[in-house]
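Residues in the sequence shown are numbered from 9 upward in steps of one, following my numbering.
Built from N, CA and C at the ideal position, the CB exists for glycine as well.
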Amino acid sequence: MRPILTIALTLGFAATAALAHVGVKDPQVMARMNGMKAMGDDLKTLGQMARGLIPFDEAAANAALVSLKAENDRIPALFAPEATDPKSEALPAIWSDPDGFAQRTTEMAAALNATRTSSPADIAASMRAIGAACSACHEDYRIEK
Ligand code: HEC
């Protein structure tokens, strides 16, 4: 049951990401967008469990949290090359202020490390801090197109 579910979710995610990124030509930009898309999907999973919109599944919640941490850790390397694409929402400040950008990933890591996933209430208690850490970086380093 679980492997089939995992495969279905993976395929579903791949299809969604491909649609969202139609027209992106630069492979580095595509890679970092896919990383962000994964963070969005993982946060959605946690948010839906916190609000009871999908059944609570501790293993899946923990997997989403582990994935969020791993994707967050990859951000500095994914954004190290100053790659551009007409579809990119990355602001030049990422490369003119790399320390500030890296600091946002440190704050994101702190929010994720403080998150517990043993109950919907646990997750709910951390959703605001996680979302704030995402927004803190997006406000300074991303422009929504
Ligand atoms: C350290 C900075 C930083 C953090 C932390 C961060 N993001 Fe992002 N995010 C960005 C940047 C920069 C972009 C734009 C990338 C581009 O278009 O080249 C982006 C883009 C996105 C996108 C759009 C991807 C696409 O399909 O084009 C989503 C979704 C997203 N982020 C979700 C999240 C979520 C959810 C979190 C928190 C769990 C998060 N991000 C944390 C910097 C960050």
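Item: Straight-line Cα distance separating lysine 77 from alanine 118; Value: 10 Å
Item: Buried/exposed call for alanine 101, threshold 16 Cβ in 10 Å; Value: exposed
Item: Beta carbon of aspartate 50 nearer than 7 Å to that of alanine 72; Value: yes
Item: Completely contained alpha helix (DSSP H) runs for the segment 110-149, where each covers 4 or more residues; Value: 128-149
Item: Terminal residues of the alpha helix (DSSP H) in which valine 30 lies; Value: Where valine 30 is concerned, there is no enclosing alpha helix (DSSP H), given that its DSSP letter is neither H nor E.
Item: Reduced DSSP secondary structure (H/G/I, E/B, other) of alanine 98; Value: strand
Item: Range covered by the alpha helix (DSSP H) that runs through alanine 85; Value: 66-87
Item: Whole-number beta carbon distance between alanine 58 and proline 128, since they are thought to touch under 8 Å; Value: 5 Å
Item: Neighbourhood of glutamate 43 by C-beta, 8 Å cutoff - its chain only, sequence neighbours within 5 removed; Value: Sequence check: residue 43 is glycine here, not glutamate. So the list reads Glu79, Arg82, Ile83 and Leu86, once near-sequence residues are dropped.
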